[in-house]
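S.K.: Just so it is clear: in the sequence shown, position 152 is 152 by the numbering used here, and no numbers are missing. Let me give you the structure first, and then I'll get to my questions.
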Amino acid sequence: YWTAYLKANYPAEYMAALLTSVKDDKDKSAVYLNECRRMGIKVLPPNVNESVHNFAAQGDDVILFGLEAVRNVGTNVVESIIRSRKAKGKFASFPDYLDKVEAAACNKRTTESLIKAGAFDTMGHTRKGLTAQYEPMIDNVVAVKRKEAEGQFDLFGGMGEDESDEPGFGLDVEFSDDEWDKTYLLAQEREMLGLYVSDHPLFGLEHVLSDKADAGIGQLTGGDFSDGAVVTIGGIISGLQRKMTKQGNAWAIATVEDLAGSIECMFFPATYQLVSTQLVEDAVVFVKGRLDKREDVPRLVAMEMQVPDL
Numbered sequence: 001y002w003t004a005y006l007k008a009n010y011p012a013e014y015m016a017a018l019l020t021s022v023k024d025d026k027d028k029s030a031v032y033l034n035e036c037r038r039m040g041i042k043v044l045p046p047n048v049n050e051s052v053h054n055f056a057a058q059g060d061d062v063i064l065f066g067l068e069a070v071r072n073v074g075t076n077v078v079e080s081i082i083r084s085r086k087a088k089g090k091f092a093s094f095p096d097y098l099d100k101v102e103a104a105a106c107n108k109r110t111t112e113s114l115i116k117a118g119a120f121d122t123m124g125h126t127r128k129g130l131t132a133q134y135e136p137m138i139d140n141v142v143a144v145k146r147k148e149a150e151g152q153f154d155l156f157g158g159m160g161e162d163e164s165d166e167p168g169f170g171l172d173v174e175f176s177d178d179e180w181d182k183t184y185l186l187a188q189e190r191e192m193l194g195l196y197v198s199d200h201p202l203f204g205l206e207h208v209l210s211d212k213a214d215a216g217i218g219q220l221t222g223g224d225f226s227d228g229a230v231v232t233i234g235g236i237i238s239g240l241q242r243k244m245t246k247q248g249n250a251w252a253i254a255t256v257e258d259l260a261g262s263i264e265c266m267f268f269p270a271t272y273q274l275v276s277t278q279l280v281e282d283a284v285v286f287v288k289g290r291l292d293k294r295e296d297v298p299r300l301v302a303m304e305m306q307v308p309d310l
């Protein structure tokens with residue numbers, strides 16, 4: 001009763017709590033993310049100005065990704081960002097962010113991950129533009145921040161108590177407005193968050209998938225089909241590992257993902273020979289195969305694969 005009540009009356013809070021509860025299980029996260037879309041709840045990428053540790057509701061129909069969901073971003077860094085935000089106010093720009101945060105958050109790997117996850121999108125910078133500039137900016141500011149932390153001098157270099165958003169030492173940079181193409185941008189976002197969030201390569205193709213696929217991937221991983229069932233799924237290849245048998249025959253494991261989940265498809269040598277040139281990441285495919293549920297995680301043993309004309 002309470003579950004139904006909460007879902008009906010506090011949908012964003014309810015779904016944010018659900019997403020947080022499965023944050024380490026990307027398949028379940030994808031199912032709940034798809035449920036949010038179905039309910040009209042918008043799930044947005046993390047935002048250094050608004051996000052907290054975990055998923056959080058904003059109003060009745062928006063959920064923000066938590067900063068801890070970003071790859072290479074640990075609890076200590078998240079606490080540091082939130083602490084700086086509370087003490088010094090929201091970040092007006094990327095240079096302002098580097099000015100205000102503690103040295104602990106000025107880590108190149110962490111910053112790159114936040115950029116690719118979309119955590120600075122609302123500041124008006126492109127992800128490609130930031131990626132081209134962030135490393136020298138961090139190099140310029142880290143040494144100064146460390147000395148500032150030791151009390152040797154002020155980052156603003158004699159600007160006193162001026163609280164303007166003018167960038168400090170080494171941060172006066174012009175950013176390119178160029179952006180990555182959609183496919184690359186989403187692939188980078190997925191690598192950092194484990195999911196497509198701001199958009200999805202399959203949006204607009206739902207009718208194509210439903211016409212030819214007789215099962216959604218969420219149904220296969222959720223237990224709707226029994227071991228050995230022959231099914232056809234449709235989705236995008238989001239991961240690919242090419243391998244060799246001891247006999248020297250090539251085969252592959254492809255991760256195929258739709259809007260509600262992902263599954264590993266095993267292309268053993270006989271099938272692999274027929275489709276090897278079409279097996280590429282980011283390709284939209286239909287795979288017919290036999291469901292293998294003998295392991296903890298269901299897999300699909302591929303029998304055929306088609307690449308539709310889109």
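We put the CB at the ideal spot given by N, CA and C, even for glycine.
To the nearest whole angstrom, what separates the beta carbons of V301 and M266, a pair I think is in contact under 8 Å?
M.R.: Rounded, the Cβ-Cβ distance is 5 Å, consistent with contact.
S.K.: At what residues does the beta strand (DSSP E) containing L310 begin and finish?
M.R.: Unbroken run through L310: none, as it is neither H nor E.
S.K.: When you compare the CB positions of L195 and D99, do they come within less than 8 Å of one another, or not?
M.R.: no
S.K.: From the DSSP output, which residues share a beta bridge with S262?
M.R.: E257
S.K.: Hey, how far is the Cα of V62 from the Cα of S93?
M.R.: 23 Å
S.K.: Consult DSSP for M159 and reduce its assignment to one of helix, strand or coil.
M.R.: Caution applies to M159, whose pLDDT of 45 falls short of 50 and renders its modelled position unreliable; the value that the coordinates give is listed next. Here M159 sits in coil by DSSP.
S.K.: Locate the alpha helix (DSSP H) running through M39, then write down its first and last residues.
M.R.: K26 to M39
S.K.: Pick helix, strand or coil for G235, following the three-state DSSP scheme.
M.R.: Here DSSP, grouped into helix, strand and coil, assigns G235 to strand.
S.K.: Reducing DSSP to helix, strand and coil, say where F268 ends up.
M.R.: Here F268 carries a coil assignment [DSSP, helix/strand/coil].
S.K.: By Cβ distance below 7 Å, which residues in the same chain neighbour V22 in space, the five residues on each side in sequence not counted?
M.R.: A distance below 7 Å between beta-carbons, with the five flanking residues on each side excluded, links V22 to the following residues of its chain, in chain order: K28, S29 and Y32.
S.K.: So, helix, strand or coil for L351, using DSSP?
M.R.: There is simply no residue 351 to check, as the chain begins at 1 and stops at 310 in what is shown.
S.K.: In three-state terms, what does DSSP make of W180?
M.R.: coil
S.K.: Return yes when the Cβ of V101 is within less than 8 Å of the Cβ of F65, no when it is not.
M.R.: no
S.K.: Given a cut-off of 8 Å on the beta-carbon distance, is the pair A260 and G218 in contact?
M.R.: yes
S.K.: Whole angstroms is fine: what's the gap from S238's alpha carbon to Q133's?
M.R.: The alpha-carbon atoms of S238 and Q133 are separated by roughly 28 Å.
S.K.: In its own chain, which residues sit with a C-beta less than 7 Å from the C-beta of E13, not counting the 5 before and 5 after it?
M.R.: A57
S.K.: Identify whether F175 lies in helix, strand or coil by the three-state DSSP scheme.
M.R.: coil
S.K.: Going by DSSP in three states, F55 sits in which element: helix, strand or coil?
M.R.: coil
S.K.: In chain order, what residues of the same chain lie with their CB nearer than 8 Å to the CB of G250, ignoring the 5 residues before and after it?
M.R.: A small correction: the amino acid at residue 250 is Ala; Gly does not occupy that position in the sequence shown. Correct list, in chain order: R242, K243, M244, P269, Y272, Q273 and S276.
S.K.: In three-state DSSP terms, what is K288?
M.R.: strand
S.K.: Please report how far the alpha carbon of A105 lies from the alpha carbon of E206, in whole angstroms.
M.R.: About 40 Å.
S.K.: Which runs of the alpha helix (DSSP H), 4 residues or longer, sit entirely within the segment 105-137?
M.R.: If we require 4 residues or more, the alpha helix (DSSP H) runs fully inside the segment 105-137 come out as 108-117.
S.K.: Assuming V287 and V307 make a contact with CB atoms under 8 Å, what is their CB distance in whole Å?
M.R.: In fact, because the Cβ distance is near 10 Å, the residues do not count as touching under 8 Å.
S.K.: Between the C-alpha atoms of E304 and S84, what's the straight-line distance to the nearest angstrom?
M.R.: 54 Å
S.K.: Using a threshold of 8 Å, state whether the C-beta atoms of R290 and E264 are closer than that.
M.R.: No, the Cβ-Cβ distance between R290 and E264 is not below 8 Å.
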